[in-house]
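Engineer:
In this note's numbering, the protein residues as written are 184 to 475.
(1) Please confirm if the stretch 245-262 is in contact with the stretch 292-299, defined as three or more CB-CB distances below 8 Å between the two stretches.
(2) Starting from the Cα of residue 309, find the closest Cα among 260, 388, 466 and 401 and give me that residue.
(3) What residues in its chain sit with their C-beta under 6 Å from that of residue 399, if we drop five residues either side in the sequence?
(4) With H, G and I counted as helix, E and B as strand and the rest as coil, what does DSSP make of residue 438?
(5) What's the gap between the Cα of residue 475 and the Cα of residue 370?
(6) In the structure shown, what three-state DSSP assignment does residue 201 receive?
(7) Helix, strand or coil for residue 213 per DSSP?
(8) By DSSP's criteria, residue 241 is part of a beta bridge. Which residues make up the other side?
(9) Would you report the Cα separation of residue 318 and residue 424, rounded to the nearest angstrom?
(10) With residue 268 as the anchor, note down where its alpha helix (DSSP H) starts and where it stops.
(11) Below 8 Å on the Cβ atoms is my guess for residue 459 versus residue 428; work out the distance and round it to an integer in Å.
(12) Checking 7 Å against the spacing of the C-beta atoms, do residue 212 and residue 457 come in under that value?
(13) What whole-angstrom Cβ distance do residue 416 and residue 375 have, given they're in contact under 8 Å?
(14) Going by C-alpha to C-alpha distance, which of 381, 328 and 306 sits closest to residue 349?
(15) Could you compute how far the alpha carbon of residue 189 sits from the alpha carbon of residue 345?
(16) Please work out which residues of its chain come closer than 7 Å, Cβ to Cβ, to residue 455, disregarding the five sequence neighbours upstream and downstream, and give them in chain order.
(17) For the alpha helix (DSSP H) containing residue 319, list its first residue and its last residue.
(18) Whole beta strand (DSSP E) runs in the stretch 398-429 with 3 or more residues, listed along the chain?
(19) Going by DSSP in three states, residue 370 sits in which element: helix, strand or coil?
(20) Over the uninterrupted beta strand (DSSP E) stretch that includes residue 342, give me the two end residues.
(21) Could you name the residues that DSSP lists as bridge partners for residue 446?
(22) Buried or exposed: residue 314, going by 16 or more other Cβ atoms within 10 Å of its Cβ?
Rendered as structure tokens:
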């Protein structure tokens, strides 16, 4: 079956300060943790020094969160937001290298900037909105530069697909969120020309399929870019709920044996997180992987 995919659990779906989230996961037997989002980290140096030496960690997107929050958007029409996003990503890449880790992942961008307080709710956007072509050109330029920087430090960059709900589709069409459909994912990854790899969020992909009226298996078959890694959670197909995994989700048979890692983005207790990791280990060991 080839190599065994690493299984991480995300801090982004737990409660409390990030150091408390990490400690609770460690107490419940989690040895691989993906640091993602959460409350601002006032002293990043102290935070990273406090991590257990034997803990396998990796950074995802908006981490560590700065004291003054903003929505990370590498193709923002606002130069200031774009600069802040680039600097956060460069710092995370440097930190990834300092930790001796292999991957740093970030989200695809938006053609307009959402209001911070609206994330996870009905969106409103502020300021200028770019065309998808304009935003894609900026995103490709920014991500290619970050990927080159990462490569010099021995880090591989991954880009994650966005989620398009039916509500977002009705409000904005397909002109706000990059990389929400298979066609958009392939178009952007082709433009990036091998500079980075795809991190496929299975929940985002499923919800976007529902919003565009395409069966998820059909859409995955149409996806020309094979994922290097996955984010996993369950949902009702309508919204990104980050529900616990049951082992019966659509994506299990598609996770290739060559996938570098999977990260569980599940809202649950730290004790339940250990159970979710065990379930994932069991299902991945049983499944016949899709290697075409």
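All C-beta atoms in this analysis are idealised placements derived from N, C-alpha and C, irrespective of residue type, glycine included.
Structural biologist: With the given structure in hand:
(1) yes
(2) By 1-based counting over the chain shown, the position of residue 309 is 126. Put simply, of 260, 388, 466 and 401 the residue whose alpha carbon is nearest the alpha carbon of residue 309 is 260.
(3) In the chain shown, residue 399 corresponds to position 216, counting from 1. Once the five neighbours on either side are set aside, the close Cβ partners of residue 399 are 389, 392 and 433.
(4) As a first step, residue 438 must be located in the chain shown, where it is residue number 255. Looking at residue 438 - three-state DSSP - the assignment turns out to be coil, as it is neither helix nor strand.
(5) Reading the chain shown from its first residue, position 292 is the one you call residue 475. Reading the chain shown from its first residue, position 187 is the one you call residue 370. In this prediction, residue 475 has a pLDDT of 49, which is less than 50 and means its spatial position is unreliable; nothing more can be read from the coordinates.
(6) Counting from one through the chain shown, the residue named residue 201 turns up at place 18. Helix.
(7) One-based indexing of the chain shown puts residue 213 at position 30. In the structure shown, residue 213 sits in coil (DSSP, three-state: anything other than H, G, I, E or B).
(8) Looking up residue 241 in the chain shown gives position 58. Paired residues: 217.
(9) The count along the chain shown starts at 1 and reaches residue 318 at position 135. The count along the chain shown starts at 1 and reaches residue 424 at position 241. In a straight line, the C-alpha of residue 318 is about 28 Å away from that of residue 424.
(10) The residue labelled residue 268 in the question sits at position 85 within the chain shown. Start and end: 262-281.
(11) For the purposes of this step, residue 459 is taken as the residue at position 276 of the chain shown. For the purposes of this step, residue 428 is taken as the residue at position 245 of the chain shown. 6 Å between Cβ atoms; contact.
(12) Reading the chain shown from its first residue, position 29 is the one you call residue 212. Reading the chain shown from its first residue, position 274 is the one you call residue 457. Their beta carbons are under 7 Å apart, which means residue 212 touches residue 457 by this criterion.
(13) By one-based count along the chain shown, residue 416 stands at place 233. By one-based count along the chain shown, residue 375 stands at place 192. Contact doesn't hold; Cβ gap of about 25 Å is too wide.
(14) Position 166 of the chain shown, counted from the first residue, corresponds to residue 349. Out of 381, 328 and 306, 306 has the C-alpha closest to the C-alpha of residue 349.
(15) Within the chain shown, residue 189 is the residue found at index 6, counting from 1. Within the chain shown, residue 345 is the residue found at index 162, counting from 1. Rounded to the nearest angstrom, the two C-alpha atoms are 23 Å apart.
(16) Within the chain shown, numbered from 1, the residue matching residue 455 stands at position 272. Cβ neighbours of residue 455 beyond the five flanking positions: 427.
(17) For the purposes of this step, residue 319 is taken as the residue at position 136 of the chain shown. Residue 319 -> alpha helix (DSSP H) spans 315-335.
(18) 412-415
(19) Sequence index remark: in the chain shown, residue 370 carries index 187 (1-based). In the structure shown, residue 370 sits in a helix (DSSP, three-state: H, G or I).
(20) Indexing the chain shown from 1 puts residue 342 at position 159. Per DSSP, residue 342 belongs to the beta strand (DSSP E) from 339-343.
(21) Within the chain shown, residue 446 is the residue found at index 263, counting from 1. In the DSSP output, where bridge partners are listed per residue, residue 446 has 191 and 414.
(22) Counting from one through the chain shown, the residue named residue 314 turns up at place 131. With fewer than 16 other Cβ atoms within 10 Å, it is exposed.
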